[in-house]
Amino acid sequence: MDGNRFLANLKDDFRSGALAQRNALTVEARAEAAAKIAARPLPIELPPGAIVAGYSPINSELDPFPLMRALADRGAKLALPVIIARDHALIFRVWEADEGLVRGPFGIFQPSSDADEVDPDIVLVPLAAFDRAGHRIGYGRGYYDRTLQNLRATKKITVIGVGFAVQEIETVPRLPHDEQLDCVLTERELIDLRSL
């Protein structure tokens with residue numbers, strides 16, 4: 002077995018364990034964590050009109066909408082990701098916090114195709130697991146790695162992993178294409194990784 006395949010299998014094991022921890026949280030605990038995160042200030046400037054891309058939560062993911070609404074109240078413009086094709090980078094479309102969403106691929110809610118496409122300044126990224134070096138495990142499809150690589154090639158962005166403290170693991174196995182987080186935000190703390 003080659004090294005990359007071994008690391009990918011190891012990631013699968015860590016992903017399963019972290020998702021089991023996340024799934025074990027009660028609905029009340031998840032809602033409380035989302036509220037705590039929304040109340041915590043971000044470690045970065047939020048210039049007027051900054052575009053913050055969140056995500057539509059699926060399964061037991063931490064709900065970023067309270068945080069997104071809090072950032073919109075501070076002047077941010079909001080966006081959500083849209084899957085345009087398998088094995089492609091995501092695009093982001095403008096979203097107002099009170100606007101309805103349409104069901105997209107994998108049953109994930111997204112803005113309609115009428116919404117303008119934008120390049121965000123801050124990207125809130127869902128995760129299955131993370132470590133304190135800024136590495137994350139997603140769901141294994143590579144959408145965010147491709148997307149973040151493309152965005153970082155064109156502009157300076159800040160990437161913030163958003164999740165529950167129970168999703169932290171000691172070390173995420175890193176593959177060459179894996180993009181690093183700038184910060185991780187959980188209900189317990191903000192981990193700022195930009196100086197590492």
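In my numbering, the protein residues as written are 2 to 197. Every residue, glycine too, gets a C-beta built ideally from N, C-alpha and C.
Contact belief for residue i with residue j at Cβ below 8 Å, rounded distance in angstroms
i    : j    : result
A129 : G139 : 6 Å
E188 : Q150 : Not confirmed; about 29 Å, so no contact.
Simplified DSSP assignment, three categories, for residue i
i    : result
T27  : coil
V160 : strand
L191 : strand
P106 : helix
E62  : coil
M2   : In this prediction, M2 scores a pLDDT of 48, lower than 50, which makes its location untrustworthy; the coordinate-derived value is nonetheless stated afterwards. Correct three-state label for M2: coil.
R137 : strand
F165 : coil
E118 : strand
Q22  : helix
A86  : coil
A130 : strand
D14  : helix
Beta strand (DSSP E) segment containing residue i, residue limits
i    : result
R94  : I92 to V95
P127 : I123 to P127
V185 : C184 to L186
I52  : I52 to A54
P82  : K78 to V83
Assigned exposure category for residue i - 16 Cβ within 10 Å defines buried
i    : result
H178 : exposed
H89  : exposed
T155 : exposed
F15  : buried
S17  : exposed
G135 : buried
M2   : With a pLDDT of only 48 at M2, under 50, the local geometry of the prediction cannot be trusted, and the value read off the model is given with reservation. By the neighbour-count rule (16 or more Cβ atoms within 10 Å), M2 is not buried but exposed.
D117 : exposed
R195 : exposed
I59  : exposed
P65  : buried
I85  : exposed
E169 : buried
A40  : exposed
V28  : exposed
P49  : exposed
G162 : buried
Residues of its chain near residue i, where Cβ-Cβ distance is below 8 Å and the 5 sequence neighbours each way are ignored
i    : result
L26  : A34, S61, F165 and V167
P121 : I52, V53, A54, A80, F93, L152 and I158
Endpoints, the alpha helix (DSSP H) within which residue i is located
i    : result
A71  : F66 to D74
A154 : Y144 to T155
Same chain, Cβ closer than 7 Å to residue i, neighbours up to 5 away in sequence not counted
i    : result
L102 : S57, F110, Q111 and P112
Same chain only: Cβ atoms within 6 Å of residue i, ignoring 5 sequence neighbours per side
i    : result
T172 : D132
K37  : E188
T159 : I45, I123 and D183
P127 : Y56 and E62
P106 : I84
V95  : A80, A116, D117 and V119
Contact test: residue i Cβ vs the ligand FMN heavy atom, cutoff 6 Å
i    : result
Y140 : The model on display carries no ligand, and the ligand FMN is accordingly not part of it.
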